[in-house]
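Numbering-wise, the sequence shown is residues 1 to 123 according to UniProt numbering. The C-beta atom is built at its ideal place from N, Cα and C for all residues, glycine as well. Because the structure is a prediction, the values reported are computed rather than measured.
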Amino acid sequence: MSRAIGDNYLKPYVISRPEVTVTDRANGDDFLILASDGLWDVISNETACSVVRMCLRGKVNGQVSSSPEREMTGVGAGNVVVGGGDLPDKACEEASLLLTRLALARQSSDNVSVVVVDLRRDT
Numbered sequence: 001m002s003r004a005i006g007d008n009y010l011k012p013y014v015i016s017r018p019e020v021t022v023t024d025r026a027n028g029d030d031f032l033i034l035a036s037d038g039l040w041d042v043i044s045n046e047t048a049c050s051v052v053r054m055c056l057r058g059k060v061n062g063q064v065s066s067s068p069e070r071e072m073t074g075v076g077a078g079n080v081v082v083g084g085g086d087l088p089d090k091a092c093e094e095a096s097l098l099l100t101r102l103a104l105a106r107q108s109s110d111n112v113s114v115v116v117v118d119l120r121r122d123t
């Protein structure tokens, strides 16, 4: 969206039309990772999926940080939004935070935004 507002000198190179695709879900789909280039430029699909699988299976210590906002601020991250909720939401939150930290540790040169959605839950 920000590229569509301003940066007129880049108009010949940057399009404001989004790339939209539709993908049918399969029964075996466990989760969805929505992330900006800041993640995908430094982390492979396989690594990202491995991190999320570990979090959803409870193989992470259960608490990524007592204060992620405080820790992340020193690393150069912007605002970190985390919410409370039930355990699957907590696992998705942990996965998002771990992926963000991993991208920052690998010195991503772009902004990093990550959302993990658990597709296994009935709503």
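Annotation for V116: the continuous beta strand (DSSP E) segment containing it runs 114-118.
For the options E94, V116, E46, the alpha carbon positioned closest to that of V60 is the one of E94.
The DSSP-derived three-state label of A26 is coil. Looking at Q107, D30, D37, the one whose alpha-carbon comes closest to that of L56 is D30.
When the beta-carbon positions are compared, A105 and L39 stay at least 7 angstroms from each other. Closest option to A91, judged by alpha-carbon separation, among D110, S109, V115: V115. Apart from sequence neighbours up to five positions away, the residues of its chain that approach L98 with a beta-carbon distance below 8 angstroms are V51, C55, V60, V64, ordered along the chain. Exclusion of the five residues before and after G58 leaves A91 as the residues of its chain whose Cβ lies within less than 8 angstroms of its Cβ. Counting the other CB atoms within 10 Å of its CB gives I15 a total below 16, which places it among the exposed residues. For a cut-off of 8 angstroms, the C-beta gap from D41 to S108 is around 6 angstroms, short enough to register as a contact. Distance between D37 and N8, taken at the CA atoms: about 22 angstroms.
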